[in-house]
Amino acid sequence: MSEETSKFEWVKVAKIEDIPKNEGRAFPVADRMIAIFESEGQYHALDDFCPHQGASLSAGWIHDGCVACPWHAWRFALSDGTWMDNPKVKTDHFEVQVRDGEIFVAVPIL
Ligand code: FES
Numbered sequence: 177m178s179e180e181t182s183k184f185e186w187v188k189v190a191k192i193e194d195i196p197k198n199e200g201r202a203f204p205v206a207d208r209m210i211a212i213f214e215s216e217g218q219y220h221a222l223d224d225f226c227p228h229q230g231a232s233l234s235a236g237w238i239h240d241g242c243v244a245c246p247w248h249a250w251r252f253a254l255s256d257g258t259w260m261d262n263p264k265v266k267t268d269h270f271e272v273q274v275r276d277g278e279i280f281v282a283v284p285i286l
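The following block contains the structure:
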């Protein structure tokens, strides 16, 4: 189910049909929740926990390459987790691979 590399472990998180177009879904991975988003045919993974007050980012809405938090609309870039109001702040972003219709996320090995 997973393969180990030197610093990351690729973990199977979902199937592509689990993520509706232009939406997100959250999954438990290695003691945290990771949000997987579909946007324009690409899949992205961010920490699901909004760094403002902890809303689930997977319930946010996707627009222009960002997800807007459902509580107070802070926007985070899907490509790297940057908070759009202050690029010095980021939420965790994870590399994603799709293999045979299954979504794998690179999770840091603790
Ligand atoms: S909890 Fe996400 S913007 Fe406030």
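Note that our numbering numbers the sequence shown so that position 73 is 249, with each residue one more than the last. We put the CB at the ideal spot given by N, CA and C, even for glycine. A quick note: this is a predicted structure, and the numbers were derived from the prediction, not measured.
Counted within 10 angstroms of its Cβ, other Cβ atoms place residue i as buried (16 or more) or exposed
i	result
GLU214	buried
SER234	buried
ALA253	buried
Residues near residue i by beta carbon distance below 8 Å, same chain, minus five either side
i	result
VAL272	ILE212, TYR219, HIS220, ALA221, ILE279, PHE280, VAL281, ALA282
SER232	ALA202, MET209, ALA211, ASP224, PHE225, CYS226, PRO246
GLY241	SER215, ALA253, LEU254, SER255
Alpha-carbon spacing of residue i relative to residue j, whole angstroms
i	j	result
MET209	HIS239	22 Å
PRO284	VAL274	18 Å
LYS191	GLY277	6 Å
VAL187	LYS266	22 Å
GLY257	PHE184	18 Å
GLY217	ASP194	14 Å
PHE270	HIS248	23 Å
ARG251	PRO196	20 Å
GLY230	ASP268	13 Å
Own chain partners of residue i with C-beta closer than 7 Å, once the 5 adjacent residues on each side are dropped
i	result
GLY236	GLY200, VAL243, ALA244, CYS245, PRO246
As assigned by DSSP and simplified to three states, the class of residue i
i	result
GLU285	For the record, residue 285 in the displayed sequence is Ile; it is not Glu. Coil.
Distance cut-off 8 Å: residue i Cβ against heavy atoms of ligand 3
i	result
ALA231	Ligand 3 is absent from the structure shown, which contains only ligand 1.
For this session: Would you mind listing the beta strand (DSSP E) stretches within the region 194 to 252 that are 3+ residues and don't spill past its ends, in chain order?
Result: Note on the region 194 to 252: whole beta strand (DSSP E) runs with a minimum of 3 residues are 200 to 205, 208 to 215, 218 to 223, 237 to 239, 242 to 244, in chain order.
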